[in-house]
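Notes follow the structure.
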Amino acid sequence: MVNIREVILNILIEYDRDGSRKPSLLKDALEKYDYLETRDKSFIKRVVDGCLERNIQIDYIIDSFSKTPVSKMQPFIRSLMRMSTYQIMFMDAVPDSAACNEAVKLAGRHKFTGLKGFVNGVLRNISRNKDKIAYPDKEKDGGIEYLSVFYSMPKWLCKMWLSDYGFEKTESMLEFFLSPRPTTVRVTRNLPGSVTTKELMEKLSGAGVVVRENELLPYALELEKTDNIRHLPGFKEGEFIVQDVSSMLVVEVADPQNRQTVVDVCAAPGGKSMHAAERVYPDGKVFSRDVSDRKCQLLEENAQRLGLSNVDIKVHDAKIHDEELKGQADILLLDLPCSGLGILGRKNDIKHNVKKAGLEELSRLQWEIIKSSWDYVKVGGSLIYSTCTVNKGENEEMVKRICNELPFVTEDISNKLPKALSEKGKNGYIQLIPGEFGTDGFFIAKLKRV
């Protein structure tokens, strides 16, 4: 019989050792234990995700009650304490006594009998005092220490965002990153066999999924109580694709029409390419490119499942100019590799791995791709520049550079955006702040070639 907490512990130990090189550890484990009950898989995911999301806060709490700091603990004990502290602090459904008792049992089972008293003592002390923990003062150092500890965010990111957005907006972003999120899907349209949003909602509700319409886009649905998305009715039939609303807005801004040609140079996993292909179907064409066979296989799978025959998929490094695409694009989608700071709530590994020095390197990579692909756009055509980050160096400053050094001008996109967002698009771009409209942090700019 599988011990669920032991599974969690093994995953956390692996992350602690080399999680930066293996961001898919949780996904791999859930696939390995796919035969478990849904509630057990949900428990594994909740605790592992929670420990990664709140790692700085959890370590701060443990260090507040332990004479041995987390950094000095043996790897097994460190992961055990983190797992148990998360349950005590953030899982009301788990009795504190159960979290403590199971931790002590695991310590004994793994031959740490001499530390059972330490594990028990620290965890029970945390349990007794969890409502009295003294966090750093909000007023000290502009709130950097407080935000970093309470929301488990590296200090340098807190400092950068405080400078760019101020305390209130920064705290709102950090709070959003830690909030539970629904899975967002786009209902496919304009294709043979497409269903209406209402029909898909009825199907999914009948399968026990909690479904609601998104407030920004009529074809976006928010799903809760989903186990494996691939098992849901309508998935195999291509009736929907998983995609965040912020990503859907890229194609809303691009507004491709039938018979037009769209080029997407960094296309995987394919949400925007497939969305564009639906818009230009049946007589338009989408050229989807990405750097590896694995990424292009994802594109192929999505195109086949959705029944899109107008997508041309090839392996190509976006840094290398493709002469065949020169002057072909009515619309060029440049959704470039970025720091991912707008999707920290979905990908915990990003905040552990992104470094301040790496932001400048990413900007150099982005410019290299822009230089190699800008002339794919026809004169009068559109370049849609987008990233899933909230770093101004990768966003507004990059748009200024494109317009200064290449033959492009910004276009007013206010009439392409949902009414709630329209005022934000008058300068030719929009910066979505994480959580402001329930979306990821995302940047979208529309530039016209002149």
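Numbering-wise, the sequence shown is residues 49 to 498 according to the numbering used here. Yeah, the Cβ is synthetic: ideal placement off N, Cα and C, and Gly gets one too.
key: CB contact flag (Ala325, Val313, <7 Å)   = no
query = Between which two residues does the beta strand (DSSP E) containing Leu78 stretch?
reply = No beta strand (DSSP E) holds Leu78; the alpha helix (DSSP H) holding it covers 73 to 80.
inquiry  = Going by C-alpha to C-alpha distance, which of Asp460, Lys472, Glu79, Ile418 sits closest to Arg449?
reply    = Ile418
query = Beta carbon of His279: closer than 6 Å to some heavy atom of the ligand NAD?
reply = In the structure shown, the ligand NAD is absent, as is every other ligand, since no ligand is present at all.
task = Could you work out which residue in Gly428, Pro330, Ile174, Lys217 is closest to Leu239 when comparing CA atoms only?
result = Pro330
query = CB Ile92 to CB Ile136, shorter than 7 Å?
reply = no
ask   = Counting along the chain, where does the beta strand (DSSP E) carrying Gly428 start and finish?
value = 425 to 435
message = Could you pull the DSSP bridge partners for Lys367 from this structure?
response = Lys367 pairs with nothing; no bridge assigned.
query = Leaving out the 5 sequence neighbours to the left and right, which residues in its chain are closer than 6 Å to Ile398 when beta-carbon positions are compared?
reply = Gly388, Leu392
First and last residue of the uninterrupted beta strand (DSSP E) at Leu465 = Taken as a continuous stretch (DSSP letters only), Leu465 belongs to no beta strand (DSSP E), as it is neither H nor E.
ask   = If you count every other CB in all the chains shown that lies within 10 Å of the CB of Arg278, and 16 or more means buried, which is it?
value = exposed
request  = Can you say whether Val235 is buried or exposed, counting buried as having 16 or more other CB atoms within 10 angstroms of its CB?
outcome  = buried
query = Thinking just about the alpha-carbon of each residue, which of Glu471, Pro455, Glu372, Thr309 is nearest to the one in Ile461?
reply = Glu471
task = Sort out for me which residues DSSP pairs Thr309 with in a bridge.
result = Lys333
task = Please determine, among Arg65, Ala405, Pro385, Lys496, the residue with the shortest C-alpha to C-alpha distance to Thr435.
result = Pro385
query = In chain order, what residues of the same chain have a beta carbon less than 8 Å from the beta carbon of Met221, not counting five sequence neighbours either side?
reply = Trp209, Tyr213, Val438, Ile481, Pro482, Gly483, Gly489
request  = Buried or exposed for Thr232, please, with buried defined as at least 16 other CB atoms from any protein chain shown within 10 angstroms of its CB.
outcome  = buried
key: Of the listed residues Val96, Phe198, Cys451, Leu171, nearest to Asp185 (C-alpha basis)   = Phe198
query = Do you know how far the Cα of Leu195 is from the Cα of Leu128?
reply = 25 Å
message = Can you tell me whether Ala141 is helix, strand or coil according to DSSP?
response = coil
task = Ignore the nearest five residues each way along the sequence and tell me which others in Leu347's own chain have a CB closer than 8 Å to its CB.
result = Ala315, Ala316, Pro317, Gly318, Ser321, Ser336, Asp338, Val359, Ile361
C-alpha distance - Ala77 paired with Lys188, whole-angstrom precision = 41 Å
inquiry  = Report the start-end ranges of each alpha helix (DSSP H) in the segment 80 to 167 that is 4 residues or longer and not cut off at the edges.
reply    = 86 to 101, 103 to 113, 123 to 138, 144 to 157
inquiry  = Across the segment 364 to 371 and the segment 416 to 433, are there enough close Cβ pairs to call them in contact, namely three or more that are closer than 8 Å?
reply    = yes
task = Just list the alpha helix (DSSP H) runs in the segment 192 to 233, keeping only unbroken ones of 4 residues or longer that don't cross its boundaries, in chain order.
result = 192 to 198, 203 to 225
request  = Kindly confirm or deny that the segment 51 to 69 and the segment 83 to 100 touch, where touching means at least three C-beta pairs closer than 8 Å.
outcome  = yes
query = What residues match up with Glu270 in a beta bridge as DSSP calls it?
reply = Thr232, Arg260
inquiry  = For Asp378, count the other beta carbons within 10 Å of its own beta carbon; 16 or more makes it buried, fewer makes it exposed. Which is it?
reply    = buried
Where the alpha helix (DSSP H) through Leu60 begins and ends = 52 to 66
ask   = Quick one: Cα of Phe113 to Cα of Ile478, how far?
value = 45 Å
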